[in-house]
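Numbering (our numbering), first residue to last: 15 to 373.
Cβ coordinates follow ideal geometry from the N, Cα and C atoms, glycine included.
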Amino acid sequence: MIIQKTESSRLSSFDKNNFNFGDTFVDHMIICEYEDGKWGDVKLMPYGPLQFSPANMTFNYGQACFEGMKAYRDANNDVFLFRPEKNFERINKSASRLAMPEIPYEVFMNGLKALVDTDRLWIPQGEGYSLYLRPLIFATSEMLKASVSYKYMFAIIATPAKAYYTKPVSVLISDYYSRAANGGVGFAKAAGNYAGAFYPTHLANQKGYDQIIWTDDATHSYFEESGTMNVFVRIEDTIYTPPTSERILDGVTRDSFIQLAKKNGIEVVVDKIPVETVVKAHKEGKLKEVWGVGTAVVTSRFEAIGYNDEKLMLPEISDEDSFAIKLKHELVGIQSNQAEDPFGWRIKVEKGFTDSLAK
Ligand code: COI
15 MIIQKTESSR
25 LSSFDKNNFN
35 FGDTFVDHMI
45 ICEYEDGKWG
55 DVKLMPYGPL
65 QFSPANMTFN
75 YGQACFEGMK
85 AYRDANNDVF
95 LFRPEKNFER
105 INKSASRLAM
115 PEIPYEVFMN
125 GLKALVDTDR
135 LWIPQGEGYS
145 LYLRPLIFAT
155 SEMLKASVSY
165 KYMFAIIATP
175 AKAYYTKPVS
185 VLISDYYSRA
195 ANGGVGFAKA
205 AGNYAGAFYP
215 THLANQKGYD
225 QIIWTDDATH
235 SYFEESGTMN
245 VFVRIEDTIY
255 TPPTSERILD
265 GVTRDSFIQL
275 AKKNGIEVVV
285 DKIPVETVVK
295 AHKEGKLKEV
305 WGVGTAVVTS
315 RFEAIGYNDE
325 KLMLPEISDE
335 DSFAIKLKHE
345 LVGIQSNQAE
355 DPFGWRIKVE
365 KGFTDSLAK
């Protein structure tokens with residue numbers, strides 16, 4: 015690894031009580047470039063802008079995908095990643111679907127660990143805090159022919175994160191717009207999936223809703239995802255989540271929730287969720303909770319669901335009685351080294367890891 019550390023850290027000007035998610039970046043970033051059919055050296059360097067021509071293929075044809083993952087720091091300054099292999103597998107699935115080269119395991123893992131080790135003091139300590147890591151791959155050829163790029167960049171940047179979306183949100187069931195279709199890129203963390211969701215979300219915001227529940231594109235009658243998250247529905251004491259598919263992202267938080275719920279003896283049904291079933295359960299007073307899960311927010315509980323011209327209000331449920339909150343606490347406990355890790359999900363990043371890779 016090529017290591018170029020900053021001579022002017024910005025850490026002393028970072029106020030953990032006053033920042034927004036995604037607008038503050040740690041001192042360093044990881045860069046690795048692909049050219050002539052191979053990935054080059056991994057570089058750790060000061061975070062900063064890069065220069066690209068407007069003819070860059072990412073800007074024109076959108077060959078770009080990313081990952082979202084978190085690192086936590088405990089009271090001993092020990093730092094942990096959470097199930098990074100899952101993100102490694104997924105970024106390569108996304109890359110392949112977008113006709114981009116896969117990245118080697120060492121490039122991804124060493125890059126992540128080096129960044130987290132070097133900037134470990136940027137990870138705010140305390141409940142709800144973490145470091146959000148954003149690995150991404152994008153095209154860098156300067157060419158307007160509509161074809162695959164021959165040059166790419168892999169980068170990892172990182173932004174401190176705190177608990178956000180704390181209040182329950184209201185969501186609108188989509189009866190027209192779609193996030194994904196069979197044969198498309200819905201399962202991939204393709205940058206364009208997010209771009210395509212912004213306009214329908216804006217329309218939902220204008221109607222007073224925070225997010226959209228994405229439904230299947232063919233019939234709009236089954237729950238698929240919610241906002242940028244996977245979705246869970248609790249009817250009485252059983253929780254339901256749709257199976258992953260070519261339209262649904264295979265979320266790491268989703269999978270962790272399923273495993274944690276089962277460990278807690280909660281019945282989990284992974285099956286299609288008809289909108290009608292949710293509406294009927296609501297009418298019968300059996301719909302207890304609906305929530306989204308994702309790396310960034312971990313859990314976002316819903317207070318209302320818009321369907322046709324109706325607004326279904328969800329029952330108020332205490333944190334003690336909420337499966338969503340119970341599972342979130344257990345997950346964050348494991349992630350942040352506050353709880354036992356029976357699944358072996360937590361990966362410690364050794365102090366001095368970066369220097370051990372110096373060439
Ligand atoms: C996540 O939950 O990690 C996401 O995908 C949200 C991200 C786009 C900010």
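Distance between beta carbons of residue j and residue i, contact taken as under 8 Å
{"i": "Glu344", "j": "Ala338", "result": "Glu344 to Ala338, Cβ: 11 Å. No contact."}
{"i": "Asn244", "j": "Thr255", "result": "7 Å"}
{"i": "Glu298", "j": "Ser336", "result": "Rounded, the Cβ-Cβ distance is 20 Å, inconsistent with contact."}
{"i": "Asp323", "j": "Arg104", "result": "Not a contact, Cβ separation roughly 38 Å."}
{"i": "Phe35", "j": "Ala175", "result": "5 Å"}
{"i": "Asn74", "j": "Leu158", "result": "6 Å"}
{"i": "Ile249", "j": "Ala318", "result": "Contact flag wrong, Cβ pair sits at about 17 Å."}
{"i": "Phe316", "j": "Leu301", "result": "With a Cβ gap of about 10 Å, Phe316 and Leu301 do not count as contacting."}
Close beta carbons around residue i, own chain, < 8 Å, minus the five adjacent residues each side
{"i": "Gln349", "result": "Lys84, Tyr86, Phe94, Phe96, Ser144, Trp359, Arg360"}
{"i": "Tyr119", "result": "Phe102"}
{"i": "Ser235", "result": "Thr229, Pro288, Val289, Glu290"}
{"i": "Val293", "result": "Tyr321, Leu326"}
{"i": "Gly197", "result": "Glu260"}
{"i": "Trp136", "result": "Leu25, Phe28, Val40, Asp41, Leu145, Ala172, Pro174"}
Residues near residue i in its chain [Cβ-Cβ closer than 6 Å; skip 5 each side]
{"i": "Gly206", "result": "Gly76"}
{"i": "Asn91", "result": "none"}
{"i": "Asn106", "result": "Glu116"}
{"i": "Ala195", "result": "Asp231"}
{"i": "Lys30", "result": "Pro138"}
{"i": "Asn351", "result": "Asp88, Phe94"}
7 Å Cβ shell around residue i - same chain, five flanking residues per side excluded
{"i": "Val346", "result": "Val312"}
{"i": "Arg134", "result": "Arg87, Asn91, Val93"}
{"i": "Asn108", "result": "Going by the sequence as given, residue 108 is Ser instead of Asn. Cys79, Ala202, Lys203, Ala204."}
{"i": "Arg111", "result": "Val199, Ala202"}
{"i": "Glu334", "result": "none"}
{"i": "Arg268", "result": "Asn244, Thr255, Val307"}
{"i": "Thr368", "result": "Ile17, Leu58, Ala128, Asp131, Thr132"}
{"i": "Phe152", "result": "Thr72, Gln77, Ala78, Tyr166, Met167"}
{"i": "Ala160", "result": "Tyr75"}
{"i": "Glu156", "result": "Ser67, Ala69, Asn70"}
{"i": "Lys286", "result": "Tyr236, Pro256"}
{"i": "Pro214", "result": "Ser188, Tyr191, Ile226"}
Whether residue i touches residue j by CB criterion (7 Å)
{"i": "Lys203", "j": "Cys79", "result": "yes"}
{"i": "Asp224", "j": "Val183", "result": "yes"}
{"i": "Ile227", "j": "Phe237", "result": "yes"}
{"i": "Ile16", "j": "Lys52", "result": "no"}
{"i": "Gly222", "j": "Gly306", "result": "no"}
{"i": "Ala177", "j": "Gly140", "result": "no"}
{"i": "Asp41", "j": "Ser23", "result": "yes"}
{"i": "Ser192", "j": "Asp231", "result": "yes"}
{"i": "Leu274", "j": "Leu371", "result": "no"}
{"i": "Pro257", "j": "Val283", "result": "no"}
{"i": "Ala310", "j": "Gly54", "result": "no"}
{"i": "Val266", "j": "Lys100", "result": "yes"}
{"i": "Phe39", "j": "Tyr61", "result": "yes"}
Neighbour-count burial assignment, residue i, 16 or more Cβ in a 10 Å radius
{"i": "Lys277", "result": "exposed"}
{"i": "Gly308", "result": "buried"}
{"i": "Phe201", "result": "buried"}
{"i": "Pro356", "result": "exposed"}
{"i": "Thr154", "result": "buried"}
{"i": "His216", "result": "exposed"}
{"i": "Met114", "result": "buried"}
{"i": "Leu25", "result": "exposed"}
{"i": "Glu330", "result": "exposed"}
{"i": "Glu239", "result": "buried"}
{"i": "Pro149", "result": "buried"}
{"i": "Pro98", "result": "buried"}
{"i": "Pro63", "result": "exposed"}
{"i": "Ser27", "result": "exposed"}
{"i": "Asn124", "result": "buried"}
{"i": "Tyr48", "result": "buried"}
{"i": "Ser12", "result": "The shown model of the chain, from 15 to 373, leaves out residue 12, and the question about it has no answer."}
{"i": "Ser332", "result": "exposed"}
{"i": "Ala209", "result": "exposed"}
Problem - Inter-stretch contact (C-beta, 8 Å, three-pair minimum) for the region 164-175 and the region 185-194 - result: Verdict: no, contact absent.
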